[in-house]
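Protein chains in written order, with this note's numbering: chain W, 555 to 1113; chain R, 61 to 493.
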C-alpha cells in the first residue's frame, strides 16, 4: 500500500500561530515525498480538534500521521488515541514539538519558522520508516516483597497482606521493629512506643505474611508483576528461599552518621560523650547515668553532627533533641540541659508548641558554631563560638545528634533492583514532587528513611503510600501491559560478544549458550537503547528507534 | 463479614495536586471517583506557581499531564464549582449531598477559544491573580486553566445582577452555542464508601501584622502575589516590575510572616523564599537581594544543596528580628535587629513577604459536615499525630495535603497516595467482586 502521510499543524491558540508563520511551514513541506495532506488547526488537542483529526485520517486515507504541536509529554498520548480511534496503528505517528522547542524559545519569527520547518521535515522523514507495533498483555503476581522490618515495613505489610496477596517480609537482623524498638517515646505526643509490639504480633499472626529474619535478598530478576526473588537465611546451611512477587518495597530505613569521623566532637575518646541512639537505649533501659554510675548534673545536646559533611539537614534531629530534654527532665528534674544548635528546624504543625513547652528552667538554647569537645579533669569542656564570641562550658554528659544516613546495604539493594541512589546516597524517587514513592524500576517502591530523612509519622505515611501504589496497580486477576517500544537482537547478525548483556540496566538480556547469541526478554526491556548503542554489529535494534528512523530524522535537521 | 451493600465509589474533596493524585490512583484501581472542586479549575494553589523547588521544574508542565489525564479519565466525575453540603452514614455507606453551581457555559460545546470575554462590558478584579489584574464577568482565571471552559460570575454579570437583563454580549460572540443562561444550580446526591478531604490551605493575611507594611506601603507583596508577578501566564507575563513600571534594583524577602501569630513553622517558606531569589536573579541579574530569616528550615535530602546554590548568587542572608517595613522616599525601608542585637535599616525597592500557611477559612465548616474535629490551629485533625497523619478519628474519612497541616508538594502527594492505600486496603473494600 502506498504511504499517505498527513501533516497537521496546531496553532495552539496564539502560542504557535503568533510565533511561527504556519503558512510558510505548510508551503515548505507540502511537496515532500509521500506527503498527501498538510493542514492547520487552531487547537488540535481540543475535543473538536481531535474529531477533526480523526475525520481527516479516515477521509483522506492517511496511513502515517505527523502532528506539529507541543511536547510529546503533553499530547503524544492524546494523538495516539486519535490514531486508534481513526483505525491506524498509533506508532505510525510522529509528534514534532514546535511549541516548547521552537515557538516558546525562539524570539525571531523568521528564525522560529525556519526551525519549525526543519522539525516538521524531520518528523516526516522519520515517520515514513515507522512500523506498526502491537501492545502485549501479561499475567501478574500480586504478592509483595517487603525489604526491611522496621515501622515502615511493618505498617505496609499489615495493610497489603490479604488472602490473595502474600507479603514476604525480609529483615536482616534477628527481630522486627527497627530503630523504634530502641525508643521509649515518640514526639510530639510523647506516646509510648509499646504499640510496635502489638503490631509485630499482628505480623506473626497474619497467615498472609511470611517473615524472614536474619535474611537478606540475594537476587532479584524480572519485572513489575513478575519478579523472581532469592532470599538467603543466615542459618548454618545458608538456606535459600525462592519465590515470585509482583512488587518490591524497599523499607530499609536509616542509620546514624558515625561521629568518629569528626574528631573535634571527642566521640570514642572522651568518656560520657554518646550518640543519640546510645542515649535512647540508655534512657529505655531505665538509667541515665555517667560512666561512674552517677546521674549527670549537666548535659549538652549537640545538634547537626555531620550535617556539613553530609550536605543536608536530617530534619528530625532538632525534634528528637527536644525529646531528649523531656526524657532528661522527667528522670532528672534538676539537670541543666544546654542545646547547641545552628538553625532550629521544627517544621511540623505541633513542633513549635513542643519546643515552647520544652523551653524553660534550666534548659538553654545556644546558637553555636565551631564546637570543640575536650576532656577537662573529670568533666567535659565544650568550646564554641556564639555570634563571633568565643565561649566555653563545662559539662558532665554530651549527647551528639548525628545526621541520618542510608543503611550500608543500600547500594547492594539499589543494584539488585536496578534503581539509583541520589543525594546523600538515599534511593532516588521517580519524580521529586509527583512520584516520591516510585522509582525508575516499575514496581519497585521506596519508603521511609531509605528515601530520605524523615520522622515516624512521615514514614508511616509513605508506607501507606506504597500500599496505595501497589493496591491500585497490581490487582489480582488483572493483566499488565509492558513497554511496546522494546529492543530486539537479530539472530543472524549477533556476534555473541555479550557487550549488550553488560550494559543493559534492566537485566533484560541473557546469553543463549547453545546459539552463542544474546537474547532480549521483551517483557523486561524498557527500550532504553543502551544495547543498540553499544552493539558493534548492528544486531541490536530498538523497534521505534531504528537506524533508518533516526538517520532520516537527523539528516533533515543537519542538511 | 463483608456487607454486600457497601458503596465502592469514593468522594475526593479538592482538585489540587493531592486530590488529583488520589483520584487518578482510585481510578487506576477501578473505583469510580467523584472529585468535588470549589473553583472552576483544577490544580489548586500549585498551579499558580511558575516553578517548583528544588529542581525548578515548570509547575504547569509538571501538572498539566496529570490534569489532562484527570479530564480524560472515564472513572472520574469531576464536579467543579461544587461544594459538599451534607454527609450522612458511615464508612462504606456514606450519602453525600453536593451543591453544584451553574457555570452557564456548556462543557461539551465550548472549545476554549476565549471569544466570549472581550465583548463583556464588566471588569472585575481577578482573585486567581491575587487582584493584580482584571477579568471580565465571563472568564477563565488564567491562560492554561483546565478544564479550559469559562464561567459566568453571577455576582457581577449585568444580566444576572438585573442591571441589564437583556445583555447577551458573550452569547452573541460565541460561535459554538456554548453559553447557556438557563443552566441551573444542581443538588446532587452521591453514595460513596470513603471520603478523602484534600482541601488545601490559605495563606496568613499579612494585614494582621501591620509592622510589615502590607497594603500600606507600595511594592510590598505577598508570596502568592509575587508568584503571579513572575508567572509567564500572570498579570505582567512574568516581568517583575514595581508599581511605577520599573524593574526593582533591590528586594527584601521576609521569612516567617505570621509565624509567631500562628504558633508554628510552615515548613515550606524558607525553600520557596530561596526559590524567589532564583526568580529575581533570573529576570534581573543585577538585583541585590536580602533574605531576612530567623532559623533556616530546609529539611530534606536535596534542599541544602539548593540553598548552597542560591548562596552562590550573592544573596545576603540576614538573621533578623523586630522587622519593620515603612515607606522611605520613593522606596521602602526595612528596619531590623540583627543577630548581634544591633539595629539596622536597609533601603530596598521591593519587599516580598512569606506568610504562614493556614487552614482554609471554611475548614471548620467542612469538619462539621464531615463529622470530624479540627485541631488547635484549625487544620483537619488526624487521629494520632505521632502516627500516620492521613487517618481521622471518623472511620472512612481521610485527609491529605495542607488540609492536615503545612507541607510541601512531595509530602502532600505522599499523603494522598497513603489515603488511597488506607481506603483500598480496608476490609470494607476488599471484596468488591
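Positions of the beta carbon are idealized from the N, C-alpha and C atoms, including for glycine.
Burial state of residue i (16 or more Cβ within 10 Å)
{"i": "residue 861/W", "result": "buried"}
{"i": "residue 101/R", "result": "buried"}
{"i": "residue 1084/W", "result": "buried"}
{"i": "residue 741/W", "result": "buried"}
{"i": "residue 922/W", "result": "buried"}
{"i": "residue 475/R", "result": "buried"}
{"i": "residue 155/R", "result": "exposed"}
{"i": "residue 78/R", "result": "buried"}
{"i": "residue 951/W", "result": "buried"}
{"i": "residue 431/R", "result": "exposed"}
{"i": "residue 555/W", "result": "exposed"}
{"i": "residue 468/R", "result": "buried"}
Three-state class that DSSP yields for residue i in the structure shown
{"i": "residue 776/W", "result": "strand"}
{"i": "residue 623/W", "result": "strand"}
{"i": "residue 642/W", "result": "coil"}
{"i": "residue 464/R", "result": "coil"}
{"i": "residue 199/R", "result": "strand"}
{"i": "residue 889/W", "result": "coil"}
{"i": "residue 1089/W", "result": "coil"}
{"i": "residue 908/W", "result": "helix"}
{"i": "residue 660/W", "result": "coil"}
{"i": "residue 494/R", "result": "An answer regarding residue 494/R cannot be provided, because it is not within the stretch 61 to 493 covered by chain R."}
{"i": "residue 816/W", "result": "coil"}
{"i": "residue 338/R", "result": "helix"}
{"i": "residue 921/W", "result": "strand"}
Rounded C-alpha distance that separates residue i from residue j
{"i": "residue 211/R", "j": "residue 195/R", "result": "11 Å"}
{"i": "residue 298/R", "j": "residue 353/R", "result": "26 Å"}
{"i": "residue 107/R", "j": "residue 122/R", "result": "9 Å"}
{"i": "residue 768/W", "j": "residue 681/W", "result": "55 Å"}
{"i": "residue 756/W", "j": "residue 330/R", "result": "41 Å"}
{"i": "residue 1039/W", "j": "residue 1098/W", "result": "6 Å"}
{"i": "residue 410/R", "j": "residue 898/W", "result": "28 Å"}
{"i": "residue 314/R", "j": "residue 658/W", "result": "33 Å"}
{"i": "residue 131/R", "j": "residue 205/R", "result": "12 Å"}
{"i": "residue 691/W", "j": "residue 1079/W", "result": "14 Å"}
{"i": "residue 1107/W", "j": "residue 611/W", "result": "23 Å"}
{"i": "residue 261/R", "j": "residue 928/W", "result": "49 Å"}
{"i": "residue 561/W", "j": "residue 961/W", "result": "54 Å"}
{"i": "residue 618/W", "j": "residue 677/W", "result": "11 Å"}
{"i": "residue 117/R", "j": "residue 886/W", "result": "50 Å"}
{"i": "residue 326/R", "j": "residue 1065/W", "result": "55 Å"}
Partner residues on chain W for residue i, Cβ-Cβ distance less than 7 Å
{"i": "residue 264/R", "result": "Ordered by position in chain W, no residue passes the 7 Å Cβ test against residue 264/R, which lies about 14 Å from the chain."}
{"i": "residue 437/R", "result": "903"}
{"i": "residue 115/R", "result": "986"}
{"i": "residue 364/R", "result": "865, 866 and 867"}
Where residue i meets chain W, residues with beta-carbon distance less than 9 Å
{"i": "residue 324/R", "result": "900, 901, 902, 903, 904, 905, 906 and 907"}
{"i": "residue 126/R", "result": "988"}
Contact set between residue i and chain R, taken where Cβ atoms lie within less than 8 Å
{"i": "residue 740/W", "result": "446"}
{"i": "residue 1029/W", "result": "89 and 90"}
{"i": "residue 743/W", "result": "444, 445 and 446"}
{"i": "residue 714/W", "result": "485"}
{"i": "residue 655/W", "result": "Correct list: empty, because the minimum Cβ distance to chain R is about 13 Å."}
Beta-carbon neighbours of residue i, restricted to chain R and to distances below 9 Å
{"i": "residue 753/W", "result": "In chain order: nothing, as chain R lies at least about 11 Å away."}
Under 7 Å by beta carbon: chain R residues contacting residue i
{"i": "residue 1006/W", "result": "360 and 361"}
{"i": "residue 941/W", "result": "399 and 400"}
Contact test: residue i Cβ vs the ligand GTP heavy atom, cutoff 8 Å
{"i": "residue 307/R", "result": "The ligand GTP is not part of the structure shown, which contains no ligands of any sort."}
* To do: Give, in chain order, every residue of the stretch 799-810 of chain W whose Cβ lies closer than 8 Å to some Cβ of chain R.
  => Flagged: no residues at all.
* Going along the stretch 1010-1022 of chain W in order, which residues come within less than 8 Å of chain R, judged by CB to CB distance? -> Hits within the stretch, in order: 1010, 1011, 1012, 1014, 1015, 1016, 1017, 1018, 1019, 1020, 1021 and 1022.
* Asked: Between the stretch 970-983 of chain W and chain R, which residues of the former have a C-beta closer than 7 Å to a C-beta of the latter?
  -> Those would be 977, 978 and 980, in chain order.
* Listed from N- to C-terminal order along the chain, which residues in the stretch 337-356 of chain R have their beta-carbon within a distance smaller than 7 Å of any beta-carbon of chain W? -> Listed in chain order, the positions of the stretch 337-356 of chain R with a beta carbon within less than 7 Å of a beta carbon of chain W are 355 and 356.
* For the stretch 857-868 of chain W, which residues have a CB atom closer than 7 Å to at least one CB atom of chain R, in sequence order? -> Within the stretch 857-868 of chain W, the residues whose Cβ lies closer than 7 Å to some Cβ of chain R are 865, 866 and 867, listed in chain order.
* Residues in the stretch 464-484 of chain R having any Cβ partner in chain W nearer than 7 Å -> Within the stretch 464-484 of chain R, the residues whose Cβ lies closer than 7 Å to any Cβ of chain W are, in chain order, 465, 466, 469, 470, 471, 473, 474, 475, 477, 478, 480, 481, 482 and 484.
* Give, in chain order, every residue of the stretch 220-240 of chain R whose Cβ lies closer than 7 Å to some Cβ of chain W. => Within the stretch 220-240 of chain R, no residue has its Cβ closer than 7 Å to any Cβ of chain W.
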